[in-house]
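The end of the sequence shown is residue 1125 by our numbering, with every number in the run present.
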Amino acid sequence: MSDAMADRRAAPRYPLILLAELTELSSGVTLGARTSDVSLTGCFIDSLNPFPKGSLLRVRLKYENETFEASSTVMYASAGLGMGLRFEDPLPAEQLAILVRWFKTVSQPA
């Protein structure tokens, strides 16, 4: 990752591999995927066929018996690799609490 990209991040990313279900709001198309990293402000989704930049999505992330849900926007997409999502702002407190609990299972941010 370039230094410029790292400098734009508003929150540390944690290396969490989670099951993800993404639904494009305009079409209802659903995609199953996984995360490679997650932060309080967004995540990266591994996907061979990512949604286009600017797509509005509903994202559901699952870890053990908890589910995190948020609206999100595709900030960038790389065919064959995946897409970077930005979560809605502000996230509801209960959803933030889920992420914080998950981050405690990882020793250090990426």
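Heads up, the beta-carbon is just placed ideally off N, CA and C, and yes, glycines get one too. If you're wondering where the values come from, they're calculated on a predicted model, not measured in any experiment.
Which of helix, strand or coil DSSP assigns to residue i
i: A1021; result: Per-residue confidence for A1021 stands at a pLDDT of 49, beneath the threshold of 50, marking its modelled position as unreliable; no derived number is given.
i: L1114; result: helix
i: E1039; result: strand
i: E1079; result: coil
i: M1016; result: The predicted position of M1016 is uncertain, since its pLDDT is 44 and thus under 50; a value taken from the coordinates is nonetheless stated next. Coil, per DSSP.
i: A1108; result: helix
i: S1051; result: strand
Proximity below 9 Å, CB of residue i to CB of residue j
i: A1026; j: I1060; result: no
i: M1098; j: P1124; result: no
i: L1040; j: R1075; result: no
i: L1111; j: S1062; result: no
i: Y1091; j: W1117; result: no
i: L1037; j: D1052; result: no
Cross-strand partners of residue i (DSSP beta bridge)
i: M1090; result: In DSSP, M1090 forms no bridge with anything.
i: L1046; result: L1037
i: R1073; result: T1038, S1086
Where the beta strand (DSSP E) containing residue i begins and where it ends
i: F1102; result: 1097-1102
i: G1069; result: Run containing G1069: none; DSSP gives neither H nor E here.
i: I1060; result: 1057-1061
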